[in-house]
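Just so you know, the sequence shown maps onto residues 16 to 239 in this note's numbering.
For glycine and all other residues, C-beta sits at the position ideal for the given N, C-alpha and C.
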Amino acid sequence: MIEAIGRALLFDIDGTLANTDPLHLKAFNQVLGPLGHVFDHARFSRELQGFANVSIGERFLPDETPARRAEILDEKEEVFRTLVAGQIEPLAGLMALLDRADAAGIPMVAVTNAPRLNAELLLSGLGITHRFRALVIGAELPHGKPHPLPYQEGLRFVAASAEASIAFEDSRTGVQSATAAGIPTIGLRTSLSHADLVAAGAIASASAFDDPQLLARLASAMAW
Numbered sequence: 016m017i018e019a020i021g022r023a024l025l026f027d028i029d030g031t032l033a034n035t036d037p038l039h040l041k042a043f044n045q046v047l048g049p050l051g052h053v054f055d056h057a058r059f060s061r062e063l064q065g066f067a068n069v070s071i072g073e074r075f076l077p078d079e080t081p082a083r084r085a086e087i088l089d090e091k092e093e094v095f096r097t098l099v100a101g102q103i104e105p106l107a108g109l110m111a112l113l114d115r116a117d118a119a120g121i122p123m124v125a126v127t128n129a130p131r132l133n134a135e136l137l138l139s140g141l142g143i144t145h146r147f148r149a150l151v152i153g154a155e156l157p158h159g160k161p162h163p164l165p166y167q168e169g170l171r172f173v174a175a176s177a178e179a180s181i182a183f184e185d186s187r188t189g190v191q192s193a194t195a196a197g198i199p200t201i202g203l204r205t206s207l208s209h210a211d212l213v214a215a216g217a218i219a220s221a222s223a224f225d226d227p228q229l230l231a232r233l234a235s236a237m238a239w
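Listed below in structure tokens is the structure:
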């Protein structure tokens, strides 16, 4: 197969490949609730969604040592992994899209602010680990999302051009990261509205990967 030169598809994981945000919300409330921080959906999407745990710890646990913050947020991730086990379902149309990209020789990369254990659990739970040439973890870089570095790294792994690629995101920080890297970004409306996603920089939004307008846009951009 001749690989498509310069093009790539880059995917966030949580809320993009699968709608896991309700489980993250439940885990945050279980762990941070007793410490005085309770979140509804609106507050979650505004103050937690897409942010790295280090910045969440700095904001909501300012009186704790960095080591204790990490322990508390590690506990949250353990709760999340327990909640998510056996409950991972792909967003509608995802598998067909991955098949189409593979058939067209378009490389794919996963780019996330989630801890590596979470990301690997979700990809393996969906049975799609092998689909991605690289898994970029924001916390393992000098800067996570909303900085462009995670998406710049994703492009570097597959020698792709930002302008010829497309990113998929569901959070404000994720959209900001991908667009700051110069990648046209489509927002998935699993948590945020079309207006919120476009305000963050998305060129369009879709409810899932089987959206006809999304598929038409991809066919044009990826030349398949």
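Output the distance between the C-alpha atoms of residue i and residue j, rounded to the nearest integer angstrom.
| i | j | result |
| --- | --- | --- |
| M110 | A195 | 28 Å |
| G189 | P161 | 6 Å |
| H209 | S222 | 9 Å |
| D211 | N44 | 24 Å |
| G216 | I201 | 9 Å |
| A177 | P37 | 31 Å |
| S235 | Y166 | 22 Å |
| A119 | Q191 | 28 Å |
| V53 | L47 | 7 Å |
| R204 | F183 | 11 Å |
Starting from residue i and walking both ways along the alpha helix (DSSP H), at which residues does that stretch end?
| i | result |
| --- | --- |
| T205 | No alpha helix (DSSP H) contains T205, which DSSP labels as neither H nor E. |
| T127 | Unbroken run through T127 is the beta strand (DSSP E), M123 to T127; no alpha helix (DSSP H). |
Taking 9 Å as the cut-off, decide whether the C-beta atoms of residue i and residue j are in contact.
| i | j | result |
| --- | --- | --- |
| L25 | I198 | yes |
| A42 | E92 | yes |
| S186 | S206 | yes |
| A310 | P163 | In the structure displayed, the chain extends from 16 to 239; residue 310 sits before or after that span and is not available. |
| R96 | L132 | yes |
| L63 | L98 | no |
| L76 | L50 | yes |
| F172 | R148 | yes |
Since residue i contacts residue j with CB under 8 Å, what's their CB separation in whole angstroms?
| i | j | result |
| --- | --- | --- |
| L233 | I181 | 7 Å |
Which stretch, first to last residue, makes up the beta strand (DSSP E) that contains residue i?
| i | result |
| --- | --- |
| A149 | A149 to I152 |
Quick test of the definition: if touching needs 3 or more C-beta pairs under 8 Å, does the region 118-128 touch the region 140-159? yes
Taking one C-beta from the region 79-89 and one from the region 56-67 each time, how about it: are there three or more such pairs within less than 8 Å? no
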